[in-house]
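Colleague: Protein chains in written order, with numbering that gives the first Met the number 0: chain X, 0 to 111; chain U, 0 to 111; chain V, 0 to 111; chain C, 0 to 433; chain S, 0 to 433; chain F, 0 to 433.
Before I ask anything, here is the structure I am working with.
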Amino acid sequence: MKLVTAIIKPFKLDEVRDALTSIGVAGLTVSEVKGYGRQKGQTGIYRGAEYVISFLPKIKVEVAIDDRDVERVVEAIKKAAHTGKIGDGKIFVMACEQAIRIRTGESGSEAL
Amino acid sequence: MKLVTAIIKPFKLDEVRDALTSIGVAGLTVSEVKGYGRQKGQTGIYRGAEYVISFLPKIKVEVAIDDRDVERVVEAIKKAAHTGKIGDGKIFVMACEQAIRIRTGESGSEAL
Amino acid sequence: MKLVTAIIKPFKLDEVRDALTSIGVAGLTVSEVKGYGRQKGQTGIYRGAEYVISFLPKIKVEVAIDDRDVERVVEAIKKAAHTGKIGDGKIFVMACEQAIRIRTGESGSEAL
Amino acid sequence: MTITRARGLAAALAGVVAPLPAFAAGGTPKIDSGDTAWMIVATALVLMMSLPGLALFYAGMVRKKNVLATTAQTLATVALASVLWVVVGYTLAFTPGGAWIGDLSRFMMRGLTVESISPLAKTIPESVFMMYQMTFAAITAAIVLGAVADRMKFSAMLWFMGLWVLIVYCPVAHWVWGGGFLQTGGTLDFAGGIVVHINAGIAGLVAAIVLGKRRGYGHDNLAPHNLVLTVIGVSLLWVGWMGFNAGSALAADGRAGMAMTVTHVAAATAALAWMVAEWLTMGKPSVLGIVSGAVAGLGTITPAAGYVDVTAALIIGVVAGVLCFYASTALKKKLGYDDSLDVFGVHGVGGIVGTLAAGVFATSAIAGPEVRGLIDGNGGQVLTQLKAIVVTLLWSGGFTWIILKVVDVVIGLRVTTEQEIEGLDLHLHGERVE
Amino acid sequence: MTITRARGLAAALAGVVAPLPAFAAGGTPKIDSGDTAWMIVATALVLMMSLPGLALFYAGMVRKKNVLATTAQTLATVALASVLWVVVGYTLAFTPGGAWIGDLSRFMMRGLTVESISPLAKTIPESVFMMYQMTFAAITAAIVLGAVADRMKFSAMLWFMGLWVLIVYCPVAHWVWGGGFLQTGGTLDFAGGIVVHINAGIAGLVAAIVLGKRRGYGHDNLAPHNLVLTVIGVSLLWVGWMGFNAGSALAADGRAGMAMTVTHVAAATAALAWMVAEWLTMGKPSVLGIVSGAVAGLGTITPAAGYVDVTAALIIGVVAGVLCFYASTALKKKLGYDDSLDVFGVHGVGGIVGTLAAGVFATSAIAGPEVRGLIDGNGGQVLTQLKAIVVTLLWSGGFTWIILKVVDVVIGLRVTTEQEIEGLDLHLHGERVE
Amino acid sequence: MTITRARGLAAALAGVVAPLPAFAAGGTPKIDSGDTAWMIVATALVLMMSLPGLALFYAGMVRKKNVLATTAQTLATVALASVLWVVVGYTLAFTPGGAWIGDLSRFMMRGLTVESISPLAKTIPESVFMMYQMTFAAITAAIVLGAVADRMKFSAMLWFMGLWVLIVYCPVAHWVWGGGFLQTGGTLDFAGGIVVHINAGIAGLVAAIVLGKRRGYGHDNLAPHNLVLTVIGVSLLWVGWMGFNAGSALAADGRAGMAMTVTHVAAATAALAWMVAEWLTMGKPSVLGIVSGAVAGLGTITPAAGYVDVTAALIIGVVAGVLCFYASTALKKKLGYDDSLDVFGVHGVGGIVGTLAAGVFATSAIAGPEVRGLIDGNGGQVLTQLKAIVVTLLWSGGFTWIILKVVDVVIGLRVTTEQEIEGLDLHLHGERVE
Ligand SMILES: Nc1ncnc2c1ncn2[C@@H]1O[C@H](COP(=O)(O)OP(=O)(O)O)[C@@H](O)[C@H]1O
Ligand SMILES: Nc1ncnc2c1ncn2[C@@H]1O[C@H](COP(=O)(O)OP(=O)(O)O)[C@@H](O)[C@H]1O
Ligand SMILES: Nc1ncnc2c1ncn2[C@@H]1O[C@H](COP(=O)(O)OP(=O)(O)O)[C@@H](O)[C@H]1O
C-alpha cells in the first residue's frame, strides 16, 4: 500500500475530495497546515510597519491506497488541485506497510 | 523502526494514550484532523437549507516505535479506540529509517 | 528522496526555518501538534482543583528532500531546535518514493 | 410629555392634549430634565443596538471568512446614514412639509441651537429628538444587509445603503411619524413595525433575490461559525430595544414603562415559543433558535408596544415565535430564496404580524382614548393597518429593486467567485480573524 | 422618593417620611420623570447583567465544547423567569398579602395601566417597578446555574429553574422586600445580599452536590477556555451593577449616588485584594482572579450599598476579595464539592459577609436616622442580619434539594457520559463554535 | 443646570448664571432628579468605555498570546485608579485649593453624605460628580497602556499607572476643570481633549520610546489577531462617549443634546474619512481603519463638543480622520517609534487638533455668550488653547519619562525575551485563550 500526501491550496479541497471519491477512494484525512515555498507570502503593512507573512495556509490531504491505484490518485489530485499559479502545492508518495480498520480489525487493502 | 499513525475518534484520545503508556510507549504526537470515510457526516439543516457535513473531527496519533513493538502497539490502539461503530478510524504502519532526539543527539531506538 | 519530520518547540520555528533556508531548502510544511513525552506537562491549579496538562504544544515541520541532503538537513534542524532542555523534540526520517509539483507536473527531485 | 410619537405631528400642531393624568404637562414646549435624561440614554441604547448589537448578531451567523466584512457593513452603514441624516435626512422625514415628504428647513441642521424644540417632542431638546431618530434610520438600513451577507461588494453596499436611506427610509418615516399621509390616516406604529421592520424586511427579501444565492447554498455548510457573537449581539439588541420601544414614548412616564414591559414580555415569550416549536419539530432546541425567537418577539411587539397590555404581549409573543420560525425554515425552503440571515423571515414577517396585532389589540385602557383596536370594537383599525403595510411593501420593495439594478449596472453588486470562496475579509478588507 | 426599598412596604403603608432633605417629596404617590428615567435605565442595566453579562461570564469559564449550552441556560432561564414573573411571580412577591407571601391581586398583571403606582415605589410607574424587580428574579435564577455547568440536561434545567423561581425566589423576595417578616423584623438588605446572592449561592452549592462532580474533576484540565468572554461578562456585570445597587434606591437622588459610589469602590478594592492574595500565594495574578475579585466585591457590597460610607466600602472590598479567594480555592478543595464556576464561593460567601457587614457598618449618616449598625452602637442589627441569613440558607437550600430530587426522579438531571465528553453544544443543541 | 464643566469653579463660585433659558435654574445648589438620572447613567457609560470598551479595543489588536495580559492591564488600572481617586485623587483635582492643585478637604471622601453637592455641579449629588470624574481618571490612565502593549511587566505597569494618576492626571485635571490656572486663563476643554487625550497621548508616546520597540517590529507580523473584539470595543467606546461628552454638560439639557449630536457626527464622519483615505492610498478599506477613524473623530471632537455646531462637527470629523490616519501610518513610520496601538497617533494627534478646533469653531450661538472662538472673531482663543496644549505636553511628557525611569531602575519595565516571544498571557498570568 501507499500513503499519498498532498499539500494543496485550501479553496481546492472540495474539488480534490470530489475527484478522489469519483475514482473510488473511500476515505481520506485532511488537516490544516502552513506552507513555505517558492510562493512568497505577501508583504503586509499594518499601520506603517511592514512585515512578511512567510507561511501561507494550505491543506494537507492524506489518503492510503492500494499500490495499483497510485497513478490514478496522483493524477486526480494533480488535476483537481491545479491552478497553474505558484503555490499549488506538492504530492508525496510513501510506502505504507500495514493498514488496519479499528472497527473491524480488517487489515491490508481491506482496511482502506 | 516504524511510525504508527492512528486516526481515531476524539473522545477516545485519553484511553488510547493511557493504553500506550501502560505498554511502555514513552512519547507520541497528536493533532486535530478531519476525516472523510464510510461514516457519513450528518445531514445538517440550518434554517431550512440542508447540507452535508462531510468531514468529521478526528484525532491523529503518531508514535514512532521499535520494530519489535509494532504488534503490541497496534493491538493497544485497536482495543482502546474501538467502539464498534462506524468511523472508529484507521491505523497505518510505515517504515521509519531514522529517529533523532534533538536534546541529546541520540539516534535510533535510543531516541524514541 | 526522504521526508524528514521534526517535532519541535513552537518558539524555535523561526530559527529552524531560517536554518533550513540557509542551507538551500526551498519548501516545507508546518502544522500545530500536541506532544506527549518525557517532558511532563505542568500541574495546573484552577480554583483549587489540580490537573495535569499532559499534552504540550509543539510544531511539526515536514520537509521533503533529496537523499544526499539528509545529513545536512538533520544537522541543521538539530542545531536550530536545540535548547538542551527536556522536550526539545524529535526528528524522524522516512523514505519518500515519489514527489510531484502540482503546478508544473514535475516529479522527483525536480519537484522539491 | 403630551404627544406620543405615533400620534405625532398632526395632533401636535392641533395642540391636542391626551387626557391621561401622567401626560398633563400640556402643550407648551418646555424641556424636562427627566424626559431629556431618558431620551439621551434611549438614543445611546438604540445606537448600541447597531454597534455592536446588530454587527455581532450578524457576524456570528456568517462563516469565519466573512466575519470582519460583515461588521464593516454595519459600521459603514451606520456612519453613512448618520452623516446623510444631519445633512438632509432628518429634515426630509421630520419637518412638516407635506403628506409625502418633509421640507428642507433643517438642511445641514441649520438653525439648531441648544434651545430648539421640535413640535413632535415638546419636552426634550430637538437635538436629542433628531439624534434619536437618526439611530432608527441607521439601524433600519443596517438590518437590510443581513439578507445579502457573504456576497456583496463593499462599494456597491455603500451606494445602495446611501440611496436607500434617502429614497426609501426618509419618505416612509415621514408618512408614519413625520405628519405624512399614513399618520394622518390613523395608522398605528408605536416604535417602527412599519418604518423599521417591514421596511427593512421587504428590502432584504428583494436584495436577496436580486443578488442571488450564496455559492454552495443547499449543499455546503453555511451554518453560523460562532454563535457566541450572535448571543452577545442579540442580548445587546434586547437591552437596547428598551430604548427603542420605551423611548418611542419620547418621555419618562407610564407610557414608556408599559412599552418596556410588553416589549420584554413579548421577547421572552417568543424566545420560548420558537425554542419549543423547534424542539418539537427538529428534535433539539438550538441556541440560534432561542435568540432568533427573541428578535422575532422584539420586532413583532414594536408597532404595538405603547398600545397593548401584558396579556396581548403574551399572545403576540407566542404567535411571533411560531410564525417566524416557520417563515425562516419551512416557508423559506419552499419559496427558494436565499435570505442569508433571515431578514424577511424575522423582521418582515414579524413587522407585518405586529402591525396587524396593533390594530387588533390596541386598547384605550393603555393607549389613551383616541386609540382603539379590534378588541375595543374598532375593526376598521385592522384595515388601516393593512393599507399601510401594503403601501410600505410596494414602495420599499420597488425602490430597493430599482436602486440595486442601477448600482449593478454602474459598478456591479456581487464579488467574484474566488473572492466569495476565499472570503470577503481577506479580499475586500485585507484582514482576517486568526 | 421617600422610601428606600429595603425599608419597604410596612413603612410605606404607614406613610413614614425619611427626614433627609433630598427625600422631602413626601408620601403621596406621584410619578417623577427623573426618577422614572433612572429606573427604566436601571432596569435595562440589570437586564444587561444577565444578557449578555452573566451569560458571557459563565460561557468563558467552561470548556469550548459547552460554551453555547452555557449561554442557552442563561437565555432560557431569563425568558422563563420573565414570563413566570408577569403571570404570578410579581404578585406573589410584591403585593401586600401576609408575612410569608403576597396575594394574587396582580395575577397576569391585571389592572396594570400607565397610571398604576406601587406603594413600594411612589415616584415611578408600577410597570417600571415590576420590570425592575423582574430583572432581579431572572438574574438570581441564572446565577445558580454556574454551579452545575457542563453536566445538566437542558430540559431538567428548565423545570428546576421554573419551580425554583416560584418556590424559592418569590417567597424570599417577599420576606425581605415585599413586606414580609424579615423586613418587618428590621433586616437590612439594600439591593439583594440575601434575596439574590445568599439565595443563589446556597442553591448552587446544593445543586452542585446533588448533581455530582464533572467527569474528569481532579485530573482533567477544566480551566476556562476563553477568558476574554469572561472579561466582557464581568465588565458588563460591573457596569450593570450600577443599576442593580444604585437602582435599589428607586430614585435618582443622593442615596443612589452613594450606593453607586460604595459599589464601585468595593468592586475595585476586592479586585485588587484577590489579585494580591493570589499573587502572594500562587505566584501569579490571574485574569480570572482579578475579575472574580470584582464580582466578589460587587456581591458583597450589595446588601450594604445604601447604608455605608466609603471607608466601610474599602474595608468590605478587602475582606470580600480575600475571603472569596480563600473560599473558591483552598476551602472548596478541602470540602470536596465541585461548584463549577464558584457560585457558592463568590456569591454565597460574598452575600453572607456583606449581609453581616451591613449590620456592622450601616450608619445613620448615610442611611437615615432609623438605620443603625454596630458602629452606630446597635449591635443587635448584626443578630437580626444573622437570623435572616440562617432562614434563607435553610429555605433556599432545602427547597432546592427537594426540587432537584423530584426533577431527577421524573426526568433525570444529568446528561449521559458520552454527551458530557463530547460536549453539550453538539448533543443538546446541535451546534458548535468553530 | 447653571455651569458647564469647562467654565467650572471660578464661575461657579462667582455665581454666574448662564443666560440661556434652559439653564434658568439659578445658582443655588439643588439636586434635580432628571440631571441626577442622566449623570448616574453617564457615569455607567464612561465606566463601560473602559470595561469592556477599551479593554476589548486593545485586546483585539494585540497578538493572541497577549490578549489576556492586555485585558488585565485595563482591569487593574481601572481598579487601582478608582481606589486612588477616592483616597486622594478627587480631592487633589476637584477641591478649590490653588492654581496648581486642590486641597485635602475630601481626603478619603470624608464628609461626603447623601446630601453633599459640589460647587462645580450644583444640581447633582457630589457622590455622582465624584464618580463621574473617577471614570475619566481611570480611562485616561488605561488609554496610555496601548502604546506599550505586548512588552511591559505587570508589576511595573501597576507602579507606573498609580504614580501617573497622582502626579500627572490629578494636577492637569485641576488646572483645566478644578479651578486651576488653565481654566481661569480661559482654556476651553469641554470633555477632555487636553485632560484626557493629549495627556494620555503624549504619555503613551514617551512610554513607547522608553520601553523600546516590540521584538519583531518591522519584520514579524504584528497585525491584530481578532478585530471582532476591537469592533466590539470601539462600538462600546462610541456608545459610552455619549456619556463622556454629553455627560460633561453635567445636566440633561440642550447643551448635553448638542454635545451628543456633534460627538456622533464627528465620529461617523471621521470613520468615513479614514476609510476613504485608506481606500485611496492602500487599495482597501480595512475594518481597523474604519474603527480607528471613529475613535479619532470621537477623541478630536471631545474638547469642542459643547461649543460647536453640526457644520463644524462635519469639518472636524474629516480633518480628524485624515490626519490621524496619516499620523498612525506614514508619520509613525518616518519617526520610527513603536507606539503599539497608536495612542499618540489617534489620541495625541486627535486631542491636539480638537483642542485647537475648539478655539477656532467655538461659537456663542451654541456655547453661550462668554465663549467665542476664531469664527466669532476671537482669534486669541486659539492662542489660549495652544498654550494649554504646550503646558500639558511638557508636564505629562516630562513626568511620564521620570516615573518610567524610576520604575525601571527599581524593578525593571520590560519582560524577558522569552516571555515576550511565548506570550505574556502564559508567563505573567498563567493563562491562555484556547
Ligand atoms: N520540500 C518540501 N517539503 C515539504 N513541503 C513542501 C516542500 N516544498 C513545498 N512544500 C509545500 O508546498 C507548498 C507549495 O510550494 P511552493 O514552492 O510555494 O509552490 P509550487 O509548488 O507551486 O512551486 C508550500 O507552501 C509547502 O507547504
Ligand atoms: N484511505 C484512507 N486514507 C486515509 N484516511 C482514511 C482512509 N480511510 C479512512 N480514513 C480515515 O479514517 C476515518 C474513519 O473511516 P470510516 O470509513 O469513516 O470508518 P471505518 O474505519 O469505521 O470504516 C475517516 O474519517 C478518515 O479520517
Ligand atoms: N515515540 C514518539 N513518537 C512520536 N512522537 C514522539 C515520540 N517521543 C516523543 N515524541 C514527540 O517529541 C516531543 C518531545 O519529547 P520528550 O520526550 O518530551 O522530550 P525529549 O525529546 O527532550 O526527551 C514530545 O512532546 C512528542 O511530541
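For every residue, glycine included, the Cβ atom is placed at its ideal position computed from N, Cα and C.
This one's a predicted model, so the numbers in the text were calculated from it and none came from an experiment.
Is residue 361 of chain F near residue 371 of chain F, with beta carbons less than 8 Å apart?
Modeller: Cβ distance < 8 Å, so residue 361 of chain F and residue 371 of chain F count as in contact.
Colleague: Is it buried or exposed for residue 120 of chain F, if we count other Cβ within 10 angstroms and need 16 for buried?
Modeller: It is buried - the Cβ of residue 120 of chain F has at least 16 other Cβ atoms within 10 Å.
Colleague: Does residue 420 of chain S get closer than 8 Å to chain U when you measure Cβ to Cβ?
Modeller: At least one chain U Cβ lies under 8 Å of residue 420 of chain S.
Colleague: Determine the DSSP secondary structure at residue 22 of chain S, reduced to helix, strand or coil.
Modeller: A caution first: residue 22 of chain S carries a pLDDT of 34, below 50, which makes its placement in the model unreliable, though a value can still be read off. Looking at residue 22 of chain S - three-state DSSP - the assignment turns out to be helix.
Colleague: When DSSP labels each residue in this structure, what does residue 254 of chain F get in the three-state scheme?
Modeller: Here residue 254 of chain F sits in helix by DSSP.
Colleague: Note the first and the last residue of the continuous alpha helix (DSSP H) segment covering residue 339 of chain S.
Modeller: Looking at the DSSP string, residue 339 of chain S is not in any alpha helix (DSSP H), and its letter there is neither H nor E.
Colleague: Measuring only from the beta carbon, is residue 1 of chain V closer than 7 Å to any heavy atom that is part of ligand 4?
Modeller: With respect to ligand 4, the structure offers nothing, as its ligand set consists of ligand 1, ligand 2 and ligand 3.
Colleague: For residue 25 of chain U, count neighbouring Cβ atoms within 10 angstroms of its own Cβ and tell me buried if that reaches 16, exposed if not.
Modeller: Label assigned to residue 25 of chain U: exposed.
Colleague: Do you know offhand how far residue 177 of chain F's Cα is from residue 86 of chain F's?
Modeller: For residue 177 of chain F and residue 86 of chain F, the distance between alpha carbons rounds to 17 Å.
Colleague: Return the chain-ordered list of same chain residues with a C-beta closer than 7 Å to the C-beta of residue 95 of chain U, the five sequence neighbours on each side being excluded.
Modeller: The answer, listed in chain order, is 0, 1, 2, 63.
Colleague: What would DSSP say about residue 306 of chain C, mapped onto helix, strand or coil?
Modeller: Coil, per DSSP.
Colleague: Would residue 234 of chain F and residue 54 of chain C be called neighbours here (beta carbons separated by less than 8 Å)?
Modeller: Yes.
Colleague: Counting only beta-carbon atoms, is residue 78 of chain S nearer than 8 Å to chain C?
Modeller: Residue 78 of chain S counts as touching chain C.
Colleague: Within 10 angstroms of the Cβ of residue 426 of chain S, are there 16 or more other Cβ atoms? Answer buried if so, exposed if not.
Modeller: Buried: at least 16 other Cβ atoms inside 10 Å.
Colleague: My output table needs one value for residue 61 of chain U: the three-state DSSP class, helix, strand or coil.
Modeller: Note: residue 61 of chain U maps to strand in three-state DSSP.
Colleague: Could you please give me the residues that DSSP links to residue 92 of chain X through a beta bridge?
Modeller: Answer is X:3, V:97, bridged to residue 92 of chain X.
Colleague: Report the option in S:130, S:256, S:230, S:357 whose CA atom is closest to the CA atom of residue 381 of chain S.
Modeller: Measuring from the Cα of residue 381 of chain S, the nearest candidate turns out to be S:357.
Colleague: Starting from residue 27 of chain U, trace the beta strand (DSSP E) in both directions and tell me its first and last residue.
Modeller: Per DSSP, residue 27 of chain U belongs to the beta strand (DSSP E) from 27 to 35.
Colleague: Let me confirm a value: residue 229 of chain F is counted as buried when at least 16 other C-beta atoms fall within 10 Å, else exposed. Which label applies?
Modeller: Burial call: buried.
Colleague: Could you please give the first and the last residue of the uninterrupted beta strand (DSSP E) stretch that includes residue 50 of chain X?
Modeller: Its beta strand (DSSP E) spans residues 48 to 51.
Colleague: Does residue 200 of chain S pass the burial test, meaning 16 or more other C-beta atoms within 10 Å, or should it be called exposed?
Modeller: Classification of residue 200 of chain S: buried, given that the 10 Å Cβ count is 16 or more.
Colleague: Could you tell me if the beta carbon of residue 100 of chain U falls within a distance shorter than 7 Å of some heavy atom in ligand 3?
Modeller: Yes.
Colleague: Quick one: Cα of residue 50 of chain S to Cα of residue 51 of chain F, how far?
Modeller: Rounded to whole angstroms, residue 50 of chain S to residue 51 of chain F spans 15 Å at the Cα level.
Colleague: Since residue 108 of chain U meets chain V, which of its residues come closer than 8 Å, beta carbon to beta carbon?
Modeller: Going along chain V, no residue has its Cβ under 8 Å from residue 108 of chain U, so there is no contact; the nearest lies around 12 Å.
Colleague: Within its chain, find whatever has a CB closer than 7 Å to the CB of residue 78 of chain V; leave out the 5 residues flanking it on each side and keep chain order.
Modeller: Answer for residue 78 of chain V: 18, listed in chain order.
Colleague: Could you tell me the alpha carbon to alpha carbon distance between residue 218 of chain S and residue 150 of chain S, rounded to whole angstroms?
Modeller: Between residue 218 of chain S and residue 150 of chain S, the C-alpha separation is close to 17 Å.
Colleague: Using C-beta distances below 8 Å, list every residue in its chain close to residue 21 of chain S, excluding the 5 sequence neighbours before and after it, in chain order.
Modeller: The predicted position of residue 21 of chain S is uncertain, since its pLDDT is 33 and thus under 50; no value can be drawn from it.
Colleague: Between the region 71 to 86 of chain U and the region 5 to 15 of chain V, do at least 3 Cβ pairs fall closer than 8 Å?
Modeller: In short, these stretches do not touch, since the Cβ pair count stays below three.
Colleague: In chain order, what residues of the region 216 to 227 of chain S put their CB closer than 9 Å to some CB of chain F?
Modeller: The residues in question are 222, 223, 224, 225, 226, 227.
Colleague: Rounded to whole angstroms, what is the Cα-Cα separation between residue 46 of chain X and residue 289 of chain F?
Modeller: Taking the straight line from one Cα to the other gives about 13 Å.
Colleague: Say whether chain F places a C-beta atom closer than 8 Å to the C-beta of residue 20 of chain S.
Modeller: At residue 20 of chain S the pLDDT is 34, less than 50, meaning the model places this residue with poor confidence; the figure from the coordinates comes in the next sentence. Answer yes: the Cβ-Cβ gap between residue 20 of chain S and chain F drops below 8 Å somewhere.
Colleague: What residues of chain U sit near residue 37 of chain V, judged by a beta carbon separation below 8 Å?
Modeller: Residues of chain U passing the Cβ test: 25, 26.
Colleague: Give the DSSP-derived three-state secondary structure of residue 45 of chain V in the structure shown.
Modeller: In this structure, residue 45 of chain V counts as strand in the three-state DSSP scheme.
Colleague: Please confirm if residue 434 of chain C has its CB atom under 8 Å from at least one CB of chain U.
Modeller: Beyond the ends of chain C as shown, which are 0 and 433, falls residue 434 of chain C; an answer cannot be given.
Colleague: Quick one: residues in its chain with C-beta nearer than 6 Å to the C-beta of residue 98 of chain S, no 5 flanking neighbours on either side, listed in chain order?
Modeller: Answer for residue 98 of chain S: 179, 180, listed in chain order.
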